[in-house]
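Residue numbers (the working numbering): 247 to 562.
Ideal placement from N, C-alpha and C gives every residue a C-beta, glycine not left out.
Because the structure is a prediction, the values reported are computed rather than measured.
Working notes, structure below.
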Ligand SMILES: [Fe+2]
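Dropping the structure here:
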């Protein structure tokens, strides 16, 4: 796959630098300089996160402020990365910003930054679980929720998002807002084209058969929908996937065994890799050609991790 990758130079174009991730060169690591961050913080200081929640157009204004600081090189790079199947993912971090205080002010800033990024590449869908264009949620040592999202001590299996909703979910943005007493819990990624058994499942008679998908109560999504796992092809005729083990509702033995074997194959695949996200860092993936998951944590009574997610569609 490396031969097909675009050559990305490890230079600082305008206010940011780019380098491929060590464990998998598809993932692009984008680092904003502290000058860019300070200028962005100043440019958007008049708008608290609440203003962005109340006035959707401000989210685009925030995105434009950041892109303008980089001479619009950032937007160009991020969009090209997301549209290129061979990459389709970036991790975005920033150098220290001395003028931004730790704590809730830093979190406010991080929410604004991820808002800018999501609106540079597209538009976030309404998050029914949280009731806003983004969701903030906390993983604790004890959890009684009805899905594996917030359960710390087990690996969250590789999956795509947006399997049980009618809206397109072209991208998923995951951002770390806070963390304490954490050991383990890396994000896990597998590109569909790196999945060793892709052909076995893509050329299977069930690959294009509709499956029923529903969600547990906490997701606040009442309706069920139907779509195949391999629901469409991209512009080059390569498969786009929508799979998650928990929310598929097989209606007969053939569907059940196809889904079961797919889950086993994905969990047994060795081509996945882990990504550790420091606080403030975000991971953005093209949701239909990347599967994502999360490794398990080591138990600790005061374990805590706060995350933000945005899921949306491309607008270009
Ligand atoms: Fe997910």
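Q: Compute every distance between the C-beta of residue 407 and the non-hydrogen atoms of ligand 1, then say whether any falls below 7 angstroms.
A: Mapped onto the chain shown, residue 407 falls at position 161. Checking the Cβ of residue 407 against ligand 1 gives yes.
Q) What first and last residue would you give for the alpha helix (DSSP H) that runs through residue 280? A) On the chain shown, residue 280 is found 34 positions in, with the first residue counted as 1. Counting along the chain, residue 280 sits inside the alpha helix (DSSP H) bounded by residues 280-289.
Q: Flag residue 437 as yes when its Cβ comes closer than 7 angstroms to any non-hydrogen atom of ligand 1, and as no otherwise.
A: Along the chain shown, one-based indexing puts residue 437 at 191. No.
Q.
Are there any heavy atoms of ligand 1 lying less than 7 angstroms away from the beta-carbon of residue 418, as far as the coordinates show?
A. For the purposes of this step, residue 418 is taken as residue 172 along the chain shown, with counting starting at 1. Checking every heavy atom of ligand 1 against the Cβ of residue 418, one is found closer than 7 angstroms.
Q. Going along the chain, which residues of its own chain have a beta-carbon closer than 8 angstroms to the beta-carbon of residue 549, five neighbours each way excluded?
A. Reading the chain shown from its first residue, position 303 is the one you call residue 549. Closer than 8 angstroms at Cβ, skipping near neighbours: 385, 386, 387, 398, 426, 427, 428 and 543.
Q.
Let me check you understand the geometry: is the CB of residue 473 closer than 7 angstroms to at least one non-hydrogen atom of ligand 1?
A. As a first step, residue 473 must be located in the chain shown, where it is residue number 227. Residue 473: no, Cβ never under 7 angstroms from ligand 1.
Q) Does at least one heavy atom of ligand 1 sit under 7 angstroms from the Cβ of residue 365? A) Mapped onto the chain shown, residue 365 falls at position 119. Result no, Cβ not under 7 angstroms from ligand 1.
**Q.** Beta-carbon spacing of residue 460, residue 495 below 8 angstroms
**A.** For this step, residue 460 is matched to residue 214 along the chain shown. For this step, residue 495 is matched to residue 249 along the chain shown. Closer than 8 angstroms, so yes.
**Q.** Within the stretch 462-527, ranges of the beta strand (DSSP E) (whole runs, at least 3 residues)
**A.** 471-473 and 519-521
Q | Residues near residue 443 by beta carbon distance below 6 angstroms, same chain, minus five either side | A | The residue given as residue 443 occupies position 197 in the chain shown. Excluding positions up to five away in sequence, the list reads 511.
Q: Kindly identify the DSSP beta-bridge partner or partners of residue 433.
A: As a working note, residue 433 is residue 187 in the chain shown. Paired residue(s): 521 and 540.
Q.
Rounded to whole angstroms, what is the Cα-Cα separation between residue 485 and residue 474?
A. Taking the first residue of the chain shown as position 1, residue 485 is located at position 239. Taking the first residue of the chain shown as position 1, residue 474 is located at position 228. So the two alpha carbons sit approximately 12 angstroms from each other.
Q | Secondary structure of residue 379, DSSP reduced to three states | A | Taking the chain shown and counting its residues from 1, the one referred to as residue 379 is at position 133. DSSP places residue 379 in coil when its eight states are reduced to three.
Q. Of all the options 317, 299 and 278, which has the alpha carbon lying nearest to the alpha carbon of residue 341?
A. As a first step, residue 341 is located in the chain shown; it is residue number 95 there, counting from the start. When each option's Cα is compared against that of residue 341, the closest is 278.
Q: With a 10 Å radius around its C-beta and 16 neighbouring C-beta atoms as the bar for buried, classify residue 370 as buried or exposed.
A: In the chain shown, residue 370 corresponds to position 124, counting from 1. Counting the other CB atoms within 10 Å of its CB gives residue 370 a total of 16 or more, which places it among the buried residues.
Q) Where do the N-terminal and C-terminal ends of the alpha helix (DSSP H) with residue 551 fall, by residue? A) Counting from one through the chain shown, the residue named residue 551 turns up at place 305. Counting along the chain, residue 551 falls outside any alpha helix (DSSP H), though it belongs to the beta strand (DSSP E) covering 550-560.
Q) For residue 535, which residues of its own chain have a beta-carbon under 6 angstroms away from its beta-carbon, when the five flanking residues on both sides are left out? A) On the chain shown, position 289 is the one that residue 535 refers to. So the list reads 331, 334 and 438, once near-sequence residues are dropped.
Q. The alpha helix (DSSP H) spanning residue 300 covers which residue range?
A. For the purposes of this step, residue 300 is identified with residue 54 of the chain shown, where counting begins at 1. Its alpha helix (DSSP H) spans residues 295-300.
Q.
Going by DSSP, what residue range makes up the beta strand (DSSP E) through residue 420?
A. Sequence index remark: in the chain shown, residue 420 carries index 174 (1-based). Where residue 420 is concerned, the enclosing beta strand (DSSP E) stretches over 417-426.
Q. Would you call the stretch 302-313 and the stretch 463-482 touching, i.e. three or more CB-CB distances under 8 angstroms?
A. no
Q: Write down the C-beta distance between residue 540 and residue 464 rounded to the nearest angstrom, noting that I regard them as a contact closer than 8 angstroms.
A: Within the chain shown, numbered from 1, the residue matching residue 540 stands at position 294. Within the chain shown, numbered from 1, the residue matching residue 464 stands at position 218. Actually they do not touch by this definition, with Cβ atoms about 17 angstroms apart.
Q: Check whether the Cβ atoms of residue 367 and residue 406 lie closer than 8 angstroms to each other.
A: By one-based count along the chain shown, residue 367 stands at place 121. By one-based count along the chain shown, residue 406 stands at place 160. No.
Q | DSSP state of residue 260 mapped onto helix, strand, coil | A | As a position in the chain shown, residue 260 is number 14, starting the count at 1. Coil at residue 260, not helix or strand.
Q) What did DSSP end up calling residue 454 once you bin it into helix, strand or coil? A) Translated into the one-based positions of the chain shown, residue 454 becomes position 208. Three-state result, residue 454: coil.
Q.
Threshold first: 3 residues or longer. Then list the beta strand (DSSP E) segments lying entirely within the stretch 312-361, N to C.
A. 335-340
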